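Residue numbers (our numbering), protein chains in the order written: chain A, 37 to 251; chain B, 504 to 513. Cβ atoms here follow ideal geometry from the backbone N, Cα and C, with glycine treated the same way. These numbers were taken from a predicted model, which means no experiment stands behind them. What follows is a short report on a single structure.
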């Protein structure tokens, strides 16, 4: 476990925990895309199928449980909680996310490490994670206002992706046959999706102005 | 080290 990967997992954990705490404390999910949260719940469910059959380490198992629990509770809060659900901006969160799910499923059937159910679901979760942020970015463009917690959420997710790329570079040079093309290509695509958000986030932070995304 | 295609990352 190298420092980039640990830092990446921690920022990823931070992004979901900050989001869950925000929703739990202020009982509001304004600015958050339910579609993105649902996609993330599917990503974790599809990726962690081997949770009980394949033990990697205590850390790995605990983190998987935390990610599953937090992503599903965020979806539960946004859909079922009597107060929070009223703050959900469903008129703007209209990205048809099944448009993302189907191509990822087809791609996973075509490109995977082994044509078994678990490997196809794993590849599906990798592809879906790459595009899961899309509805959230669309919502941010639509509503054009980014409250700082939503901004922090996307920022932490972007940071986790950048750290994971550093982790892959480190592992590629230190572990002889560490090659995972599927994760690498999907991970780079995902990180690029954040690139423009990062640019506007850092610019607004530098000029100390409210974060505005271009129309 | 774990065999190659073991998914040890989250």
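Coil, strand or helix - residue i by DSSP
i: residue 71/A; result: helix
i: residue 227/A; result: helix
i: residue 191/A; result: helix
i: residue 111/A; result: helix
i: residue 82/A; result: helix
i: residue 96/A; result: helix
i: residue 247/A; result: coil
i: residue 58/A; result: helix
i: residue 41/A; result: helix
i: residue 64/A; result: coil
i: residue 182/A; result: coil
i: residue 242/A; result: helix
i: residue 52/A; result: helix
i: residue 88/A; result: coil
i: residue 204/A; result: helix
i: residue 214/A; result: coil
Beta-carbon separation (whole angstroms), residue i vs residue j, contact threshold 8 Å
i: residue 203/A; j: residue 91/A; result: That belief does not hold up - the Cβ atoms of residue 203/A and residue 91/A are roughly 21 Å apart, past 8 Å.
i: residue 175/A; j: residue 128/A; result: 6 Å
i: residue 192/A; j: residue 47/A; result: 5 Å
i: residue 218/A; j: residue 168/A; result: With a Cβ gap of about 16 Å, residue 218/A and residue 168/A do not count as contacting.
i: residue 85/A; j: residue 180/A; result: That belief does not hold up - the Cβ atoms of residue 85/A and residue 180/A are roughly 39 Å apart, past 8 Å.
Buried versus exposed, by CB contacts within 10 Å (16 or more), residue i
i: residue 52/A; result: buried
i: residue 60/A; result: exposed
i: residue 239/A; result: exposed
i: residue 232/A; result: exposed
i: residue 186/A; result: buried
i: residue 72/A; result: buried
i: residue 79/A; result: buried
i: residue 150/A; result: exposed
i: residue 171/A; result: buried
i: residue 144/A; result: buried
i: residue 119/A; result: exposed
i: residue 37/A; result: exposed
i: residue 95/A; result: exposed
Top-ranked residue by Cα proximity to residue i, from the options
i: residue 142/A; options: 161/A, 38/A and 186/A; result: 161/A
i: residue 116/A; options: 194/A, 100/A and 65/A; result: 65/A
i: residue 221/A; options: 245/A, 166/A and 87/A; result: 166/A
i: residue 226/A; options: 208/A, 200/A and 209/A; result: 200/A
i: residue 249/A; options: 212/A, 150/A and 178/A; result: 178/A
i: residue 69/A; options: 121/A, 148/A and 104/A; result: 121/A
i: residue 55/A; options: 234/A, 170/A, 219/A and 114/A; result: 114/A
i: residue 229/A; options: 194/A, 100/A, 95/A and 212/A; result: 194/A
i: residue 247/A; options: 215/A, 164/A and 190/A; result: 190/A
Check: residue i C-beta below 8 Å from any heavy atom of the ligand ZN
i: residue 227/A; result: By its list of ligands, the structure shown contains no ligand whatsoever, and the ligand ZN lies outside what it can speak to.
Contact with chain C by residue i, beta-carbon distance below 9 Å
i: residue 219/A; result: Annotation note: the requested chain C is absent from the structure, which comprises protein chains A and B.
Can you list, in chain order, the stretches of the alpha helix (DSSP H) that have 4 or more residues and sit fully within the segment 114-172 of chain A?
134-146 and 153-167, all fully within the segment 114-172 of chain A.
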